[in-house]
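S.K.:
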Amino acid sequence: MKRSYLYFLGTLIFIGVLIFPHFVSNYIIHIAVLILIWSYVSTVWAYMGRFGLVSLGHGAFLGIGAYTSGLLFNNFHLTPLVGMFIGGIAAAIVALILGYACFRFGVIGDYFALVTLALAEVIMLLIIALREFTGGSLGFTLNKMGNSFLYLSSDSKIFFYYLALAFVILSILIWKKIDKSKIYKAMRAIGEDELASASLGINVIKYKVIITIISAFLTALGGSLYGQYITYLNPHTLSGVGVSLDIAFKAILGGMFNIWGPTVGTILIVTMEETFRGIFGSHFIGVSEVLYGIALICFIIFLPKGIYGTIVNKLSKK
Amino acid sequence: MLNLIINAIINGILLGGVYALLAIGLNLLFGVLKLIHLAYGQFVMIGLYILYVLVVNAGLPFWAAAIITIIVTGILGIIVHILIVQPLLDAPRLNQLLALAGLIIVFENLSMVIWGADYRNIQMSLPVVAVGGFYIRMSYLIAFIGGLITLGLLYLFLYKTYLGLSIRAISQDLEGVELMGVNPKVNFYVTMAAGGILTGIVAVFFAPIYAVHPHFGSSFTILAFIIVVLGGMGNLLGGFISAFIMGVVTSVAAFLTTSEIADIIAMLIFIGVMLVRPQGIMGIREAR
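See the structure below:
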């Protein structure tokens, strides 16, 4: 009874999400696209996060993805449809090297967070240092292509809305796929007791590296998508510590252990940012961000399982 | 060419003194309390802004402003402890880290609201002295000496007083310390206050060297972490030596290439040390 009710509600929400952009202004669609892109990125971040691999360096993968596909497109006229996969592979290679090194030497928990934080900073500095190709701190603008699906370029925001929606659905499907796979069982066991699972013959390093590579590859795709949408790449908005923390915050706030948690967190944070900006915007630049930061701290202190996670836990206990 | 490189090395050594000063407070918090204080650089930034207001806007003499700044940052440390660290003491350590990262957003934007994005420095220029063809900046030299004195005082506090002993004991075994009749709450307060005071001292010595702006903090936080990890967490002497290593490495690398490459090299050293030798160059591996 209750289950069918949930399905009905889910279908209703899905239909609402599908037809929604045809009834609202361009500004609302823009915010919705941002929500979808960051939902996707924070969901694939949570692939790792929910198993205790909290990375504060996903800005690195985001930056690699966006800059690889963007530079290939601008310099060699390569379509981002191909470019984003090359970027994804580049990010996966970085993830393989860093992941293997970290897990081989047993770097876990907050130390893993610190190492990945340094990685994000390295990639950002690298982008700035290679300023002949990347435009340095000033970034660069993607060449105009008009409307072309082949080049993932469009003047209409609705195009990107559906594209980003497809990415979010993909990330949810992959989450479910992981849940059914051997990786999930292995990672759960490792999360419970790493030593015991290793002694039972689970290849701890292998599974951790696999999940890191999947997450990095998909994050890079998201970076490329974001670059195509904004059509302007800047090292500070696509890489570095700030973005990496933002991604993690969104997933943690919503609840990284639940499949819809990161999405709920993203909706909440982006809406909060835009609302605060709407209230304070022209008067005090920064006040909105201060309130946003305070709200974040409060959420971390009082709802450590995340908002969606806490609600789901409460409901399932009843 | 060789002359210039030697000059870069001398600069690096003096810079190392400045870095050592920067890292001492973090060494106390990260090394002793195991608190990953991501907003550490922002504390220094707030200290610099307070000093700026007191000297430029209120017209106080520098020494008076310096004392007030150090007291205020100490109080700020206690406030942050009560509001953020205390409620999260029993939570996973990652939550502490994230809450303090949230504090970065608050501090950076708060100073953006109050002081704007301009670079501000107290108009105090110290001379550059030429010794035998090499140029030495007095402001660096003063910070260098200040770092030595601060380190000495902190050492005396941690190793010669009862309070210091109990703080060090907490970092080893919290439950055991409680059984010995020490109230860890008091010690946490004292350590956070000391951490705040140290950021105030850093701000005082940094004031003649750097101009402050809202995004001043983050690069210094990372730098301080690099130094503390390289030297071995909680190892004051190790932190001091690694500060000089980092000073010379970044100074020479920045001279030979660009400052970004120098920063990248610093980060890679950090990652490498975290992976291969997390106990630092001088540390002893302890069971976690």
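First to last, the protein sequences are chains A and B. Residues in the first sequence are numbered from 3 upward in steps of one, following the numbering used here. Residues in the second sequence are numbered from 188 upward in steps of one, following the numbering used here. Cβ coordinates follow ideal geometry from the N, Cα and C atoms, glycine included.
When we look at the beta-carbon of L343 of chain B and count the other beta-carbons within 10 Å, is it buried (16 or more) or exposed?
M.R.: Taking the first residue of the second sequence as position 1, residue 343 of chain B is located at position 156. When all chains shown are included, L343 of chain B counts as exposed.
S.K.: DSSP three-state call for I323 of chain B: helix, strand or coil?
M.R.: As a first step, residue 323 of chain B is located in the second sequence; it is residue number 136 there, counting from the start. In this structure, I323 of chain B counts as strand in the three-state DSSP scheme.
S.K.: Using a Cβ-Cβ cutoff of less than 8 Å, which residues in the same chain neighbour R475 of chain B once the five nearest sequence positions on both sides are dropped?
M.R.: Reading the second sequence from its first residue, position 288 is the one you call residue 475 of chain B. Confidence at R475 of chain B is low in this model, with a pLDDT of 39, below 50, so the placement of that residue is unreliable and no value is reported for it.
S.K.: Any beta carbon of chain B sitting closer than 8 Å to that of E196 of chain A?
M.R.: Within the first sequence, residue 196 of chain A is the residue found at index 194, counting from 1. Chain B, which has no Cβ nearer than 8 Å to the Cβ of E196 of chain A, makes this no.
S.K.: Does D112 of chain A get closer than 8 Å to chain B when you measure Cβ to Cβ?
M.R.: For the purposes of this step, residue 112 of chain A is identified with residue 110 of the first sequence, where counting begins at 1. Yes, because at least one Cβ of chain B sits closer than 8 Å to the Cβ of D112 of chain A.
S.K.: Would you decide whether I281 of chain A is buried or exposed? Buried here means 16 or more other CB atoms lie within 10 Å of its CB.
M.R.: For the purposes of this step, residue 281 of chain A is taken as residue 279 along the first sequence, with counting starting at 1. The residue in question, I281 of chain A, is exposed, as its Cβ has fewer than 16 Cβ neighbours within 10 Å.
S.K.: Quick one: what does DSSP say S1 of chain A is sitting in, helix, strand or coil?
M.R.: Because chain A is modelled from 3 through 320, residue 1 of chain A falls outside the range shown and cannot be assessed.
S.K.: Identify which residue in A:P264, A:L202, A:K159 has its Cα closest to the Cα of S173 of chain A.
M.R.: Taking the first residue of the first sequence as 1, we reach residue 173 of chain A at position 171. If we check each option's Cα against that of S173 of chain A, A:P264 comes out closest.
S.K.: What does R307 of chain B pair with, by DSSP beta-bridge criteria?
M.R.: Sequence index remark: in the second sequence, residue 307 of chain B carries index 120 (1-based). Its beta-bridge partners are B:V399.
S.K.: Distance, Cα to Cα, V315 of chain B vs L235 of chain B?
M.R.: As a first step, residue 315 of chain B is located in the second sequence; it is residue number 128 there, counting from the start. As a first step, residue 235 of chain B is located in the second sequence; it is residue number 48 there, counting from the start. Taking the straight line joining both Cα atoms gives about 22 Å.
S.K.: Are the Cβ atoms of L263 of chain B and F230 of chain B separated by less than 8 Å?
M.R.: Along the second sequence, read from residue 1 onward, the residue named residue 263 of chain B stands at position 76. Along the second sequence, read from residue 1 onward, the residue named residue 230 of chain B stands at position 43. Against a cut-off of 8 Å, the Cβ pair of F230 of chain B and L263 of chain B comes out as a contact.
S.K.: Relative to the C-alpha of Y327 of chain B, which candidate in B:F393, B:N282, B:M433 has its C-alpha closest?
M.R.: On the second sequence, position 140 is the one that residue 327 of chain B refers to. Measuring from the Cα of Y327 of chain B, the nearest candidate turns out to be B:F393.
S.K.: Between the stretch 138-154 of chain A and the stretch 260-277 of chain A, do three or more beta carbon pairs fall short of 8 Å?
M.R.: Touching, no, given that fewer than three Cβ pairs across the two stretches are closer than 8 Å.
S.K.: Pull out every residue of the stretch 83-94 of chain A whose Cβ sits closer than 7 Å to any Cβ of chain B, in chain order.
M.R.: Taking 7 Å as the Cβ-Cβ cut-off against chain B, none of the residues of the stretch 83-94 of chain A qualify.
S.K.: By a C-beta neighbour count over all protein chains shown, 10 Å radius and 16 as the cutoff for buried, is A1 of chain A buried or exposed?
M.R.: With chain A represented from 3 up to 320, any question about residue 1 of chain A goes unanswered, as that position is not in the structure.
S.K.: Between Y294 of chain A and chain B, is there a C-beta pair that is closer than 8 Å?
M.R.: Here residue 294 of chain A refers to the residue found at position 292 of the first sequence. Yes, contact with chain B.
S.K.: At a CB distance below 8 Å, what residues from the stretch 274-289 of chain B approach chain A? Give them in sequence order.
M.R.: If the cut-off is 8 Å between Cβ atoms, the stretch 274-289 of chain B has P274, L275, A278, P279, R280, L281, N282, L284, L285, A286, A288, G289 near chain A.
S.K.: Residues of chain A with CB closer than 7 Å to the CB of I448 of chain B, please, in chain order.
M.R.: Position 261 of the second sequence, counted from the start, is the residue given in the question as residue 448 of chain B. A131, listed in chain order.
S.K.: To be precise: take each residue of the stretch 14-30 of chain A, compare its Cβ to all Cβ atoms of chain B, and keep it if any distance is under 8 Å. Which residues remain?
M.R.: The residues in question: there are none.
S.K.: What is the rounded straight-line gap between the Cα of K159 of chain A and the Cα of L361 of chain B?
M.R.: Counted from its first residue, the first sequence places residue 159 of chain A at position 157. Counted from its first residue, the second sequence places residue 361 of chain B at position 174. If I take the Cα positions, the gap works out to 56 Å.
S.K.: According to DSSP, which residues form a beta bridge with F392 of chain B?
M.R.: Position 205 of the second sequence, counting from 1, holds the residue named residue 392 of chain B. Paired residues: none, contrary to the question.
S.K.: Going straight from the alpha carbon of I301 of chain B to that of F278 of chain A, what length do you get?
M.R.: As a position in the second sequence, residue 301 of chain B is number 114, starting the count at 1. As a position in the first sequence, residue 278 of chain A is number 276, starting the count at 1. Going from the Cα of I301 of chain B to the Cα of F278 of chain A covers about 18 Å.
S.K.: How is S290 of chain A classed by DSSP in three states: helix, strand or coil?
M.R.: As a position in the first sequence, residue 290 of chain A is number 288, starting the count at 1. Reduced to three states, the DSSP call for S290 of chain A is helix.
S.K.: Anything in chain A within Cβ reach of F457 of chain B, meaning under 7 Å, just list it in chain order.
M.R.: One-based indexing of the second sequence puts residue 457 of chain B at position 270. Those are A120, listed as they occur along chain A.
S.K.: Less than 8 Å separating the beta-carbons of V289 of chain A and I451 of chain B?
M.R.: On the first sequence, position 287 is the one that residue 289 of chain A refers to. On the second sequence, position 264 is the one that residue 451 of chain B refers to. No.
S.K.: Compute the distance between the beta-carbons of A210 of chain B and G426 of chain B, then report whether it is under 8 Å.
M.R.: Start at 1 with the first residue of the second sequence, and residue 210 of chain B comes out as number 23. Start at 1 with the first residue of the second sequence, and residue 426 of chain B comes out as number 239. Result yes, Cβ atoms of A210 of chain B and G426 of chain B sit closer than 8 Å.
S.K.: Could you tell me which chain B residues have their CB closer than 7 Å to the CB of I291 of chain A, listed as they occur along the chain?
M.R.: Mapped onto the first sequence, residue 291 of chain A falls at position 289. Sequence inspection shows Glu at residue 291 of chain A; the Ile mentioned does not correspond to that position. In chain order: I292, N296.
S.K.: Can you name the residues of chain B whose CB is closer than 8 Å to the CB of I302 of chain A?
M.R.: Within the first sequence, residue 302 of chain A is the residue found at index 300, counting from 1. Those within 8 Å of I302 of chain A in chain B are L275, N282, L285, A286, G289.
S.K.: Nearest chain A C-beta to L462 of chain B closer than 8 Å, yes or no?
M.R.: Translated into the one-based positions of the second sequence, residue 462 of chain B becomes position 275. With 8 Å as the cut-off, L462 of chain B counts as an interface residue toward chain A.
S.K.: So, for I302 of chain A: in the same chain, excluding its five sequence neighbours on each side, which residues have a beta-carbon less than 6 Å away from its beta-carbon?
M.R.: Taking the first sequence and counting its residues from 1, one reaches residue 302 of chain A at position 300. Counting only Cβ-Cβ distances below 6 Å, and skipping sequence neighbours, we find nothing.
S.K.: Using a Cβ-Cβ cut-off of less than 7 Å, list which residues of the stretch 346-359 of chain B approach chain A; keep chain order.
M.R.: Per Cβ criterion, the list is empty.
S.K.: Using 8 Å as the cut-off, can you tell me whether the stretch 197-215 of chain A makes contact with the stretch 100-117 of chain A, which would need three or more C-beta pairs spanning the two stretches below that distance?
M.R.: These segments touch.
S.K.: Does DSSP classify L58 of chain A as helix, strand or coil?
M.R.: As a position in the first sequence, residue 58 of chain A is number 56, starting the count at 1. Looking at L58 of chain A - three-state DSSP - the assignment turns out to be coil, as it is neither helix nor strand.
S.K.: Can you find a CB in chain A that lies within less than 8 Å of the CB of F412 of chain B?
M.R.: Translated into positions along the second sequence, residue 412 of chain B becomes position 225. True, the Cβ-Cβ gap to chain A drops below 8 Å.
S.K.: Report the rounded CA-to-CA distance for L208 of chain B versus I458 of chain B, giving the unit in angstroms.
M.R.: Your numbering for residue 208 of chain B matches position 21 in the second sequence. Your numbering for residue 458 of chain B matches position 271 in the second sequence. So the alpha carbons of these two residues sit roughly 22 Å apart.
S.K.: Of all Cβ atoms in chain A, is any one closer than 8 Å to the Cβ of T437 of chain B?
M.R.: In the second sequence, counting from the first residue as 1, residue 437 of chain B sits at position 250. Chain A, which has no Cβ nearer than 8 Å to the Cβ of T437 of chain B, makes this no.
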